[in-house]
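Engineer:
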Amino acid sequence: MMQVLLVGVSHRTTPVELRERLDFSASGVERALASLAEEPLNHEAIIVSTCNRVELYVCCSEAASARAGVERFISEFHGVPAAEIAPHLYAKSGQDAVRHLFRVAAGLDSLVVGEPQVLGQVKDAYNLAAQLGCTGTLLNRLFPAAFAAGKRVRSETALSEGAVSVSYAAVALARKIFGNLKGRTVLVLGAGEMAKLTAVHMQSQGIGRLIISSRTASNAAALADALGGTTLPWESLGTALAEADIVITATGASEPILSRTLVEQAMKARRPRQRPLFIIDIAVPRDVEAGAGDVEQVFLYNIDDLQAVVQENLSKRSSETAQAEAIVSDEVERFNAWLNSREAVPTVVALRQRFEAIRQSELRRLEPKLAGLGPDARARVDEVTRLIVEKLLINPTEQLKSLPDADTVAAYSDALNRLFNLTADEPPPAADHPALTAAGSAKAAKPGS
Amino acid sequence: MPMNSIPLALYAVACVRYAMQFSRRTFDTSRAASTWLVLAMLAHTFIIGMETMRAGHLPVAGATSAISTFVWLLALSYLYIEFTTGERSMGVFILPLLVALQAIPAARPMLEERSPLLEGVWFGVHVSSLLFAYASFALACVLGITYVLQFKEIKTKELGFFYERLPSLQVLDEMNLRAVKIGWLFLTVGLISGAIWASQLRATGDLFMSVADPKIFVALLCWGVYSFELYAQRAIGWRGRRAAWLSAGGFGFVLLNVVPVSYLFTTSHTF
Chain Y
12 MMQVLLVGVS HRTTPVELRE RLDFSASGVE RALASLAEEP LNHEAIIVST
62 CNRVELYVCC SEAASARAGV ERFISEFHGV PAAEIAPHLY AKSGQDAVRH
112 LFRVAAGLDS LVVGEPQVLG QVKDAYNLAA QLGCTGTLLN RLFPAAFAAG
162 KRVRSETALS EGAVSVSYAA VALARKIFGN LKGRTVLVLG AGEMAKLTAV
212 HMQSQGIGRL IISSRTASNA AALADALGGT TLPWESLGTA LAEADIVITA
262 TGASEPILSR TLVEQAMKAR RPRQRPLFII DIAVPRDVEA GAGDVEQVFL
312 YNIDDLQAVV QENLSKRSSE TAQAEAIVSD EVERFNAWLN SREAVPTVVA
362 LRQRFEAIRQ SELRRLEPKL AGLGPDARAR VDEVTRLIVE KLLINPTEQL
412 KSLPDADTVA AYSDALNRLF NLTADEPPPA ADHPALTAAG SAKAAKPGS
Chain A
83 MPMNSIPLAL YAVACVRYAM QFSRRTFDTS RAASTWLVLA MLAHTFIIGM
133 ETMRAGHLPV AGATSAISTF VWLLALSYLY IEFTTGERSM GVFILPLLVA
183 LQAIPAARPM LEERSPLLEG VWFGVHVSSL LFAYASFALA CVLGITYVLQ
233 FKEIKTKELG FFYERLPSLQ VLDEMNLRAV KIGWLFLTVG LISGAIWASQ
283 LRATGDLFMS VADPKIFVAL LCWGVYSFEL YAQRAIGWRG RRAAWLSAGG
333 FGFVLLNVVP VSYLFTTSHT F
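So the protein lines, in turn, are chains Y and A.
First residue of the first sequence: 12, per the numbering used here; consecutive thereafter.
First residue of the second sequence: 83, per the numbering used here; consecutive thereafter.
1) Mind checking if K162 of chain Y is an interface residue toward chain A, Cβ cutoff 9 Å exclusive?
2) So that I know if they touch, is there some Cβ in chain Y lying closer than 9 Å to that of L231 of chain A?
3) Can you tell me whether E373 of chain Y is buried or exposed, with buried defined as 16 or more other CB within 10 angstroms of its CB?
4) What in chain A is Cβ-close to Y312 of chain Y, meaning under 8 Å?
5) Taking just the CA atoms, how far does L231 of chain A sit from T250 of chain Y?
6) Scan the segment 245 to 285 of chain Y and note each continuous alpha helix (DSSP H) run of 4 residues or more that stays entirely inside, going in chain order.
7) So that I know if they touch, is there some Cβ in chain A lying closer than 9 Å to that of A253 of chain Y?
8) For C71 of chain Y, which of helix, strand or coil comes out of DSSP?
9) Determine the direct distance from the alpha carbon of A91 of chain A to that of V98 of chain A, and round the result to whole angstroms.
10) Would you mind sorting K193 of chain Y into buried or exposed? The rule is 16 or more other CB atoms within 10 Å of its CB.
11) Please report the Cβ distance between T196 of chain Y and R220 of chain Y, rounded to the nearest whole angstrom; I am assuming they are in contact, meaning their Cβ atoms lie under 8 Å.
12) Who are the neighbours of L251 of chain A on chain Y, taking C-beta pairs under 8 Å?
13) Is the beta carbon of G334 of chain A closer than 9 Å to that of E311 of chain A?
14) Among Y:S329, Y:I57, Y:V65, which residue has its Cα nearest to the Cα of V27 of chain Y?
15) Name the two residues that bound the continuous alpha helix (DSSP H) containing S211 of chain A.
16) So, is T209 of chain Y buried or exposed, given that buried needs 16 or more other C-beta atoms within 10 angstroms?
17) Rounded to the nearest angstrom, what separates V360 of chain Y and V420 of chain Y at their Cα positions?
18) Can you tell me where the alpha helix (DSSP H) holding T61 of chain Y begins and where it ends?
19) Specify, as a first and last residue, the run of the alpha helix (DSSP H) that K402 of chain Y falls within.
20) Residue ranges of each beta strand (DSSP E) run of no fewer than 3 residues wholly in the segment 187 to 224 of chain Y, ordered along the chain?
21) When you compare the CB positions of L198 of chain Y and I268 of chain Y, do they come within less than 9 Å of one another, or not?
22) For the segment 276 to 301 of chain Y, which residues have a beta carbon sitting closer than 7 Å to at least one beta carbon of chain A?
23) Can you check the segment 245 to 278 of chain A for any beta strand (DSSP E) of at least 3 residues that lies completely inside it and give the ranges in chain order?
24) Out of curiosity, what's the CA-to-CA distance linking P98 of chain Y and S86 of chain Y?
25) Are the C-beta atoms of L184 of chain Y and some chain A residue less than 9 Å apart?
26) Work out the CA separation of R186 of chain Y and R30 of chain Y for me, nearest whole Å.
27) Exposed or buried, what is Y313 of chain A when buried is set at 16 or more other beta-carbons lying within 10 Å of its beta-carbon?
28) Given that W320 of chain A touches chain Y, what residues does it touch there, using C-beta distances under 7 Å?
29) Which one of A:V224, A:G242, A:G265 has the shortest CA to CA distance from I176 of chain A?
30) Let me check understanding here. Comparing Cα to Cα, which of A:H139, A:W118, A:I186, A:L337 lies closest to T146 of chain A?
31) Going by the CB atoms, is the gap between L381 of chain Y and V392 of chain Y shorter than 9 Å?
32) Report buried or exposed for N258 of chain A, applying the criterion of at least 16 other Cβ atoms within 10 angstroms of its Cβ.
33) Beta-carbon of I163 of chain A versus every beta-carbon of chain Y: anything under 9 Å?
34) Taking the alpha-carbon positions, what's the P407 of chain Y to S104 of chain Y distance?
35) Just to confirm, are P535 of chain Y and S171 of chain Y a CB contact at a threshold of 9 Å?
36) Under 8 Å Cβ-Cβ, which residues of chain Y neighbour I236 of chain A?
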């Protein structure tokens, strides 16, 4: 019986130093897939390698030996001693592996719960393996099912909603104030790392103008060069403030640099008047006087406010995990149903072949007695016997295909094997038989029913 | 059972669906609410169409039928906005208004008996412009209220229920302004055509109306409020929250004119 086996390491089990050494994307996933295909036990393989996880999904007939093979492969491919990897490695097979993949795709296993990139990364991994011909029936069904699970979680829960970093929270707020940030003017005061990060996020929203000002003009110039903005002398702060839609302050000043009076003046000077001003103060100690936030049409958020937003979003996300897990379970069940129906296929085929063989041999035995009938009557006899067999088989076929789990399928198959002696060496049925696939015969049964 | 109960029931169902959509934030996935509203609109269109055929003109002459037509226009304007902007979070605010107003024609029989006085082009222009203006102001009111709600959550840094559901302040502000502009234009046309028509009536001695009539007075008051809003926006930069408050408050006068004044206080303007 073919099953899915997963062997891997992730941020949950493994320090980043080791993950880096096991990263396949650095050393070539294609090469790894090619050499993995040479392993005798694995029939299909996909490698998911991101900065937070390295996971190998293979299709195997026997989990324990395949696991040993994959572990050996990882160790040999990266030249990292097996003993060093072993304590961090996890392996899951069958249903557990399926569930794990679905949870990964849904973002439930991510460092930041609900982050959306992982779904794309898993898709890329699958596409690459599929292009290289490393996937087969099982993984070609498993991975798309995982994408569907991920998509459902994203659209039916709020697991991926809300910004979970300070800079994204600032961007999200700006979008709620200004709608779209295209053409907006952003003024950055200070030239530190946080200022840069937030400015970069703003730029990705297509802002119109980026103005950078710092007490140290050279720092401002360096940042402006790096981000493609313009600089402004520190002294003309007032005018810039009147022009800006969004102000990011991140200086190292020990005293507030934007007083309430300064902001009030800027609001009076701006055109059109009452245009909102969004001030993001990410400096510690604060750069903006708290009172500035009371000015009409001014929105002031400091680092604590933004962090509170992030915390709130994180807790909202975690409150969605239960619902997301339920969706994952639902999808896992659906996949297992497909897997089980597939398990039952050999038994169904064998059963049909056995019935058909009996029919044929009975017809042959009766041949002398039927010889006196005309061709029409003989065709009718053939038709009637075929319909009887079909009708007898409809219910068992459907039942077998909808069994809930693999064990039951095995038990039923076993019982059927014994009852109908399906494994016995029979002379193969006559060569002129129509091919007996489950779907084909179910269709053929319809006209008679 | 008055025929207007059918659209009323459908509007009520749509109202519930919009509320569900709003609370669960299924704007992207669920189109059930919009579908119900379209159904209600179709039923309502049918009834207004029947009435038009029966009376030979749009049913706008009686206060009750004017309300029914107003509800229809408002639903139409809202659907226009929803389909052009894809913004479906506003429905939850508009629908209760539709249901409440539609309850009046559903409860009272719609007697569209037009007196000979009310024939003529100016009367038609007068009433239909005003109804359309009022529908625009209703939308502006909702946009104003939502702006204030959204503004409050962002300003006080308590990002909660409305923050997650409503569009950005910028969008609300722009839509509000546009609705007020359109409404103001039609209100002006409605008032001028009304004045022309009234002067014609006065000339023939059929009827005398003055600004002392509450309905006319309140309409002029509305014109004053919205004119101020547009002026303040242009001249002293009253956009955003102040404009939103004016839109929200201004509709109070409009509503006053549509319902209680029509039924209770009006003297000469009895239709």
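C-beta: ideal position from N, C-alpha, C; glycine also.
In this text, all values refer to a predicted model and were calculated from it rather than measured experimentally.
Structural biologist: Quick look at the numbers:
1) Sequence index remark: in the first sequence, residue 162 of chain Y carries index 151 (1-based). Answer no: the Cβ-Cβ gap between K162 of chain Y and chain A never drops below 9 Å.
2) If you number the second sequence from 1, residue 231 of chain A lands on position 149. No, its Cβ sits nowhere closer than 9 Å to a Cβ of chain Y.
3) Within the first sequence, residue 373 of chain Y is the residue found at index 362, counting from 1. Answer is exposed; the Cβ neighbour count stays below 16.
4) Here the question's residue 312 of chain Y lines up with position 301 in the first sequence. In chain order: K239.
5) Residue 250 of chain Y sits at position 239 when you count from the first residue of the first sequence. Residue 231 of chain A sits at position 149 when you count from the first residue of the second sequence. C-alpha separation (whole angstroms): 31 Å.
6) 248 to 254, 271 to 280
7) By 1-based counting over the first sequence, the position of residue 253 of chain Y is 242. So, not an interface residue.
8) The sequence position of residue 71 of chain Y within the first sequence is 60, counting from 1. Looking at C71 of chain Y - three-state DSSP - the assignment turns out to be strand.
9) As a first step, residue 98 of chain A is located in the second sequence; it is residue number 16 there, counting from the start. As a first step, residue 91 of chain A is located in the second sequence; it is residue number 9 there, counting from the start. For V98 of chain A and A91 of chain A, the distance between alpha carbons rounds to 11 Å.
10) As a working mapping, residue 193 of chain Y is identified with position 182 in the first sequence. Classification for K193 of chain Y: exposed.
11) Within the first sequence, residue 196 of chain Y is the residue found at index 185, counting from 1. Within the first sequence, residue 220 of chain Y is the residue found at index 209, counting from 1. Confirmed, Cβ separation roughly 4 Å.
12) Working through the second sequence from its first residue, we reach residue 251 of chain A at position 169. Ordered by position in chain Y, the residues that pass the 8 Å Cβ test against L251 of chain A are K187, I188, F189, G190, P287.
13) By one-based count along the second sequence, residue 311 of chain A stands at place 229. By one-based count along the second sequence, residue 334 of chain A stands at place 252. No Cβ-Cβ contact shorter than 9 Å links E311 of chain A with G334 of chain A.
14) In the first sequence, the residue the question calls residue 27 of chain Y occupies position 16. Answer by Cα proximity: Y:V65.
15) Here residue 211 of chain A refers to the residue found at position 129 of the second sequence. 203 to 237 is the span of the alpha helix (DSSP H), which, as asked, contains S211 of chain A.
16) Your numbering for residue 209 of chain Y matches position 198 in the first sequence. Result: buried.
17) For the purposes of this step, residue 360 of chain Y is identified with residue 349 of the first sequence, where counting begins at 1. For the purposes of this step, residue 420 of chain Y is identified with residue 409 of the first sequence, where counting begins at 1. Distance between the alpha carbons of V360 of chain Y and V420 of chain Y is about 14 Å.
18) As a working note, residue 61 of chain Y is residue 50 in the first sequence. For T61 of chain Y, no alpha helix (DSSP H) segment is defined, and its DSSP state is neither H nor E.
19) Residue 402 of chain Y sits at position 391 when you count from the first residue of the first sequence. For K402 of chain Y, the enclosing alpha helix (DSSP H) has its first and last residue at 386 to 412.
20) 196 to 200, 220 to 224
21) The count along the first sequence starts at 1 and reaches residue 198 of chain Y at position 187. The count along the first sequence starts at 1 and reaches residue 268 of chain Y at position 257. No. Outside cutoff.
22) Of all residues in the segment 276 to 301 of chain Y, P283, R284, Q285, P287 have a Cβ within less than 7 Å of some Cβ in chain A.
23) none
24) Position 87 of the first sequence holds residue 98 of chain Y. Position 75 of the first sequence holds residue 86 of chain Y. Their Cα atoms are separated by approximately 13 Å.
25) Looking up residue 184 of chain Y in the first sequence gives position 173. Output row for L184 of chain Y: interface = yes.
26) As a first step, residue 30 of chain Y is located in the first sequence; it is residue number 19 there, counting from the start. As a first step, residue 186 of chain Y is located in the first sequence; it is residue number 175 there, counting from the start. Approximately 37 Å, taken between the alpha carbons.
27) Locating residue 313 of chain A in the second sequence gives position 231, counting from the first residue. Flag for Y313 of chain A reads exposed.
28) Locating residue 320 of chain A in the second sequence gives position 238, counting from the first residue. Think of a sphere of 7 Å around the beta carbon of W320 of chain A: the chain Y residues whose beta carbon falls inside it are Q285, in chain order.
29) In the second sequence, residue 176 of chain A corresponds to position 94, counting from 1. The candidate whose alpha carbon is nearest that of I176 of chain A is A:V224.
30) Here residue 146 of chain A refers to the residue found at position 64 when the second sequence is read from its first residue. Selected option, being the one with the closest Cα: A:I186.
31) Taking the first sequence and counting its residues from 1, the one referred to as residue 392 of chain Y is at position 381. Taking the first sequence and counting its residues from 1, the one referred to as residue 381 of chain Y is at position 370. Result yes, Cβ atoms of V392 of chain Y and L381 of chain Y sit closer than 9 Å.
32) The residue given as residue 258 of chain A occupies position 176 in the second sequence. Buried is the call here.
33) Along the second sequence, one-based indexing puts residue 163 of chain A at 81. No, I163 of chain A lies away from the interface with chain Y (no Cβ there is under 9 Å from its Cβ).
34) Position 396 of the first sequence, counted from the start, is the residue given in the question as residue 407 of chain Y. Position 93 of the first sequence, counted from the start, is the residue given in the question as residue 104 of chain Y. Whole-angstrom Cα-Cα distance: 30 Å.
35) Nothing about residue 535 of chain Y can be reported from this structure: the residues present for chain Y run from 12 to 460 only.
36) Within the second sequence, the letter at position 154 stands for residue 236 of chain A. The answer, in chain order, is L184, K187, I188, F310.
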